[in-house]
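Visitor: Numbering (the numbering used here), first residue to last: 303 to 1013.
A virtual CB, placed ideally from N, CA and C, is assigned to each residue, including glycine.
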């Protein structure tokens, strides 16, 4: 027998006292036959586990079995190149796994770790997958070859045979405990999101396993095998699973499906989620959804699942009590840490999931209204003129767009080309459009000064305060938007604010309406007329003042001069960059916006991000991008000669590469077209002239001199 003394849970200043008490045999002492540790896979020193718990680990089958298979997934080894946030990509190009063979642009949803989220988690990432992942597979093979290993891409894209199937995934790292969530059909799972699959892909069987894997006993059995916070696939594979009768399976499946539904319901107010319907206040008005009641019901369901799991594992009395105490400690620690740092997820994997965005009620409605103005979201869901969408199943095909989005082809509330402006009196003035949205949905402001709140529904007085919304647009909208649309170390705003250095005049762009002419339209249809109008205003002020202006007149003239100068600089910068800008959503938000860094001087942190990306583009760090080929074909085309994955990215594989009889890809001794010819075909004199002008331009004017505010 071996004696173990447990002091791990004791405060540091109490350890000596506790050790003394343990040596006296009063508490914390475990006398165990160490040979019994072999009953647990890996033979950990789980000295605190009871005999009944030990029996479970040896008498029940492991999760990995003939009909159940858990696997680690894909590792791109170059996330900036191959991963995007789903909202960065044209939804028409996001496809089910297996449907991209003949597509030049294709992306597949991918689950990759994330924060603690039992039962349900939104899938927000997509992986580049045209030609069934041809480019990624080539890059993986080349990487392995560079290490002197075999070129098998399957050693990097692990679990390939399971791609596209529904399963149960979990984050491989989490300091808030293990959590299993449903993963719907049609996606790919990453190496930080291992996934369990069942041979028959049965919804009921998967739902029952989802319940078991989120039960207190299952999590306790995991804890016996490893250090807290690491949930590698091997550990989960070895965890015991009880046998389920048909009735048990049905009961567990029903509970898991309800828990999933409730968790998803909470996500329907999250604008960046594929489950989004309406912002919280409007959703409550339409559906009566109460987050507090939902959380309470989820807690009740978890208790029912635990009750069933304890019975199925044959754990009762003191054995059950010990596990319940262990589980409650974990919950208390999560709650305590969350309160200390103010976040809902204190220790999530920073690479996979950023801090949860806690948008206030007013901000969430303001943001939604901006989306309605652009034609992204459907106003009719708020007015009741469109029925709320039905709910999918936990293992249904993964959704590409949220139910709250305006269906393709349906009329927009305000017809526009993806360009709106902060300019009172203009037909595309954002605030004026939002005023109409508020009136239609019966939303009004109440309060005053910095304490404005919103009133909803029939009792609304219909009061819209344009200065409140304009102030939000100027100061809060874009920083809040970046935060809302950032995740997995990617910042991907879908609405862009371009403007003068002080922010006194700005235009907003919506990325999903981009064309190569968007900046020309901004320049010619918005900024040029605005500049002419403000110049006329300046001329009128000078004319009215005459040769001896008063102090008040001089002040007004100076402010107008500064304002006109700012707009002129903004116009000049647009004119400089418009000829070379050719957006392609597949490149991602940062790369598409990088050339525009001189147009966001009013937001220094964002300007710094874009300038850094622009410098990286110049260095050749992103030569896989369409923008790099557009601007520097003389640099990018030759790289395709030696890098097959780049050749695939730029649709030059057949020019420079061939597949031999053994299936091995080799470079052609003589390309089918000369490099110089390919470079010439991709070179534009106008683009090169604009690029030269941009690269030689002096530092842009800062925002220190402020023009007058336009409200």
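Using DSSP's beta-bridge definition, name the partner residues of residue 799.
Guide: Beta-bridge pairing links residue 799 to 810.
Visitor: When burial is assigned at 16 or more other CB atoms within 10 Å of the CB, is residue 745 buried or exposed?
Guide: Residue 745 is buried by the Cβ-count criterion.
Visitor: Distance, Cα to Cα, residue 707 vs residue 680?
Guide: Those two C-alpha atoms are separated by around 6 Å.
Visitor: Taking DSSP as the reference, what is the three-state secondary structure of residue 928?
Guide: In the structure shown, residue 928 sits in a helix (DSSP, three-state: H, G or I).
Visitor: Applying the 10 Å Cβ sphere with the 16-neighbour rule, what's the burial state of residue 451?
Guide: So residue 451 counts as exposed.
Visitor: With DSSP as the reference, please indicate the residues paired to residue 788 in a beta bridge.
Guide: Partner(s): 793.
Visitor: Taking C-alpha atoms, which residue in 595, 772 and 588 lies nearest to residue 689?
Guide: Out of 595, 772 and 588, 588 has the C-alpha closest to the C-alpha of residue 689.
Visitor: Can you find a C-beta in chain B that's less than 9 Å from the C-beta of residue 466?
Guide: Among the chains of the structure shown, chain B does not appear; only one protein chain is present.
Visitor: Check for me: the beta strand (DSSP E) holding residue 469 runs from which residue to which?
Guide: 469 to 471 is the extent of the beta strand (DSSP E) around residue 469.
Visitor: In chain order, what residues of the same chain have a beta carbon less than 8 Å from the beta carbon of residue 576, not counting five sequence neighbours either side?
Guide: Around residue 576: 388, 424, 425, 426, 700, 701, 702, 703 and 704.
Visitor: Return the residue from the list 907, 875, 854 and 471 that minimises the CA-CA distance to residue 897.
Guide: For the residues 907, 875, 854 and 471, the minimum Cα distance to residue 897 belongs to 875.
Visitor: Can you check DSSP and say which residues form a bridge with residue 498?
Guide: According to DSSP, residue 498 bridges with 372 and 470.
Visitor: Going by DSSP, name the residue or residues bridged to residue 731.
Guide: 723, per the DSSP bridge assignment.
Visitor: Figure out for me which residue from 460, 523, 666 and 662 has the closest Cα to the Cα of residue 364.
Guide: It is 523.
Visitor: Report the residue from 421, 555 and 596 whose alpha carbon sits nearest the alpha carbon of residue 473.
Guide: Residue 421 is the option with its Cα nearest to residue 473.
Visitor: Can you check which of these residues, 470, 864, 931 and 521, is closest to residue 630 by C-alpha distance?
Guide: It is 521.
Visitor: Cα separation between residue 663 and residue 772?
Guide: So the alpha carbons of these two residues sit roughly 17 Å apart.
Visitor: Do residue 408 and residue 395 have their CB atoms nearer than 9 Å?
Guide: Contact: yes.
Visitor: By alpha-carbon positions, which one of 563, 400 and 469 ends up nearest to residue 498?
Guide: Considering only alpha carbons, the answer is 469.
Visitor: Pick helix, strand or coil for residue 667, following the three-state DSSP scheme.
Guide: Three-state result, residue 667: helix.
Visitor: If you measure between the beta carbons of residue 902 and residue 940, is that distance less than 9 Å?
Guide: Cβ atoms of residue 902 and residue 940: not closer than 9 Å.
Visitor: Within this structure, are the beta carbons of residue 672 and residue 834 separated by less than 9 Å?
Guide: Cβ distance not < 9 Å, so residue 672 and residue 834 don't count as in contact.
Visitor: Leaving aside the five residues before and after residue 642 along the sequence, list all residues of the same chain whose C-beta is less than 6 Å from its C-beta, in chain order.
Guide: Its pLDDT being 38, under 50, residue 642 is placed unreliably in this model, and the value from its coordinates should be taken loosely. Once the five neighbours on either side are set aside, residue 642 has no close Cβ partner at all.
Visitor: Just the Cα atoms here: how many angstroms apart are residue 674 and residue 814?
Guide: Roughly 14 Å between the two C-alpha positions.
Visitor: Is the number of C-beta pairs between the segment 880 to 891 and the segment 914 to 932 that are closer than 8 Å three or more?
Guide: Result yes; three or more Cβ-Cβ pairs closer than 8 Å.
Visitor: Using only the alpha-carbon positions, how far apart do residue 539 and residue 548 sit?
Guide: Straight-line Cα distance between these residues: approximately 23 Å.
Visitor: One question on the structure: do residue 730 and residue 736 come within less than 9 Å of each other, judged by their Cβ atoms?
Guide: No, the pair does not count as a contact, with Cβ atoms beyond the cut-off.
Visitor: Can you tell which of 391, 416, 625 and 865 has the C-alpha that lies nearest to the C-alpha of residue 491?
Guide: Checked all of 391, 416, 625 and 865; the closest Cα to residue 491 is 416.
Visitor: Say whether the segment 888 to 897 touches the segment 905 to 925, bearing in mind that this needs 3 or more beta-carbon pairs closer than 8 Å, one atom from each stretch.
Guide: Enough Cβ pairs lie closer than 8 Å, so yes.
Visitor: If I follow the unbroken beta strand (DSSP E) through residue 758, where does it start and stop?
Guide: That run of the beta strand (DSSP E) goes 755 to 758.
Visitor: Could you tell me the alpha carbon to alpha carbon distance between residue 854 and residue 824, rounded to whole angstroms?
Guide: Roughly 34 Å between the two C-alpha positions.
Visitor: Identify, in the order they occur along the chain, each residue of the same chain with its Cβ nearer than 7 Å to the Cβ of residue 783, setting aside the five sequence neighbours on each side.
Guide: Result list for residue 783: 669, 795 and 797, in chain order.
Visitor: Among all the DSSP beta bridges, which residues are the ones paired with residue 961?
Guide: Residue 961 pairs with 967.
Visitor: For residue 984, which of helix, strand or coil comes out of DSSP?
Guide: Correct three-state label for residue 984: coil.
Visitor: Kindly indicate which three-state DSSP category residue 430 falls into: helix, strand or coil?
Guide: If DSSP states are grouped into helix, strand and coil, residue 430 belongs with the strands.
Visitor: With C-beta atoms as the reference, is residue 272 less than 9 Å away from residue 558?
Guide: With the chain running from 303 to 1013 in the structure shown, residue 272 is simply not present.
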